[in-house]
């Protein structure tokens, strides 16, 4: 049993009550482990990491001695062009994805796009996809000590949304979001859009809508935890698409855009209520860039730094 809190007196009181009912051995520690996540408590905050879990899955798939990779995916490889690649072991591939998926949703947002992309091929994996999945493991080999850091001094809630238009088969686009309290990343998502966007602007609007939906849920959760000071409206929604921001703000719904009008009106209503504020950022400063595409070494390194992953090191081989 773990008892965690910010007030030592309250923790001691809870422990005394428990000892009255159960035989217990009390062990105080600054290092905790929960659901394969190592929690390190420091004076200025906490750090979450999964180095032990990474080591275990590397061993499980025979990749303990693999050579580290600089990025999760090769930005020059088109995984959609796989018809000439030999079929792969489906169960093994799905097992690899399962191990990676837990990491990508728990403490490693830097592999979220790679895992999301590779999951598209889980029903008919090819050798090219297995090779790509192994590259993610190789990337983890060199970055197993990465950890998410959360400081005691938090700032206001904000979210960044991004989209990569017409980047998938069937003319689909990719989108995602990055949710933060100050510089601390508390939520992220990378996914292929369900609707076919007819332009970059439409893809960005769909991404903004998905971000606002997530924002409503997270702000509600924070409010229920008594953290209303971080969710004061309007909450900032960052986008690098000037056209999408202008389109939403100017009420530009037309016959050509009726297929996304529900998403538009959802965002528009939140804007009119004053609960959100749309803000433009440059593509270079877009914090959600990592959830929509595979990045080269330099851009990936910059995004890792923006994510606040500590112990960042650049692999030289």
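In UniProt numbering, the protein residues as written are 1 to 317.
Yeah, the Cβ is synthetic: ideal placement off N, Cα and C, and Gly gets one too.
(Q) By the DSSP assignment, the beta strand (DSSP E) with residue 39 in it spans what residues? (A) First-last of the beta strand (DSSP E) with residue 39: 37-42.
Q) Are there three or more Cβ pairs, one per stretch, closer than 8 Å when the segment 65-85 is compared with the segment 121-135? A) With the cut-off at 8 Å, the segment 65-85 and the segment 121-135 touch.
(Q) At 4 residues or longer, what runs of the alpha helix (DSSP H) sit wholly inside the segment 122-180? (A) Runs of the alpha helix (DSSP H) inside the segment 122-180: 127-143.
Q. Comparing alpha-carbon positions, which option in 286, 34, 199, 103 lies nearest residue 171?
A. Ranking 286, 34, 199, 103 by CA distance to the CA of residue 171 puts 199 first.
**Q.** Short Cβ contact (8 Å threshold) for residue 157 with residue 222
**A.** A contact, by the Cβ cut-off of 8 Å.
Q: Would you mind working out which of 159, 11, 101, 8 sits nearest residue 279, comparing C-alpha positions?
A: Among 159, 11, 101, 8, the Cα nearest to that of residue 279 belongs to 159.
**Q.** Three-state secondary structure assigned by DSSP to residue 25
**A.** Three-state result, residue 25: coil.
**Q.** 6 Å CB neighbourhood of residue 9 in its chain, flanking five on each side removed
**A.** No residues qualify anywhere along the chain.
Q.
Quick test of the definition: if touching needs 3 or more C-beta pairs under 8 Å, does the segment 282-297 touch the segment 171-188?
A. For the pair of segments examined, the segment 282-297 was found to touch the segment 171-188: the number of CB pairs separated by less than 8 Å reaches three.
Q.
Tell me the rounded alpha-carbon separation between residue 299 and residue 283.
A. Distance between the alpha carbons of residue 299 and residue 283: 11 Å.
Q: Out of 89, 236, 59, point me to the one whose CA is closest to residue 128's CA.
A: With distances taken between Cα atoms, residue 128 lies closest to 89.
Q. By Cβ distance below 6 Å, which residues in the same chain neighbour residue 302 in space, the five residues on each side in sequence not counted?
A. Result list for residue 302: empty, nothing under 6 Å.
Q: Following the continuous beta strand (DSSP E) through residue 80, name the residue where it begins and the one where it ends.
A: Premise fails: residue 80 is in no beta strand (DSSP E) and is neither H nor E.
**Q.** 8 Å contact criterion, which residue 237 and residue 205 should meet: CB distance rounded
**A.** Approximately 11 Å separates the beta-carbon atoms of residue 237 and residue 205; this is outside 8 Å, ruling out the contact.
Q. Ends of the beta strand (DSSP E) at residue 244?
A. Segment 242-249 is the alpha helix (DSSP H) holding residue 244; no beta strand (DSSP E) there.
(Q) Going by DSSP, what residue range makes up the beta strand (DSSP E) through residue 277? (A) Element bounds for residue 277: 276-280.
Q | For residue 60, three-class secondary structure by DSSP | A | Residue state, collapsed to three classes: helix.
Q | Coarse secondary structure for residue 318, derived from DSSP in three states | A | Here the chain comprises residues numbered 1 to 317, so residue 318 is not present and cannot be evaluated.
**Q.** Nearest residue (CA-CA) to residue 57, options 49, 140, 86
**A.** Considering only alpha carbons, the answer is 140.
Q: Decide if residue 32 is buried, meaning its Cβ has at least 16 other Cβ atoms within 10 Å, or exposed.
A: That one is exposed.
Q | Exposure label - residue 162; buried when at least 16 CB within 10 Å | A | It counts as buried.
Q: Since I believe residue 149 is in contact with residue 274 (beta carbons under 8 Å), could you give me their beta-carbon distance rounded to a whole number of angstroms?
A: The pair is not a contact, with the Cβ atoms about 32 Å apart (cut-off 8 Å).
**Q.** Proximity below 8 Å, CB of residue 96 to CB of residue 133
**A.** Taking 8 Å as the Cβ cut-off, residue 96 and residue 133 qualify as a contacting pair.
Q: Compare the C-alpha of residue 130 against each of 167, 164, 168, 86 and name the closest.
A: Of the listed residues, the one whose Cα sits closest to residue 130 is 86.
Q | Endpoints, the alpha helix (DSSP H) within which residue 223 is located | A | Following the DSSP letters along the chain, one finds residue 223 inside the alpha helix (DSSP H) bounded by residues 200-224.
Q | C-beta neighbour in chain B for residue 138, strict 8 Å | A | Given the protein chain composition of this structure (a single chain), no chain B is represented.
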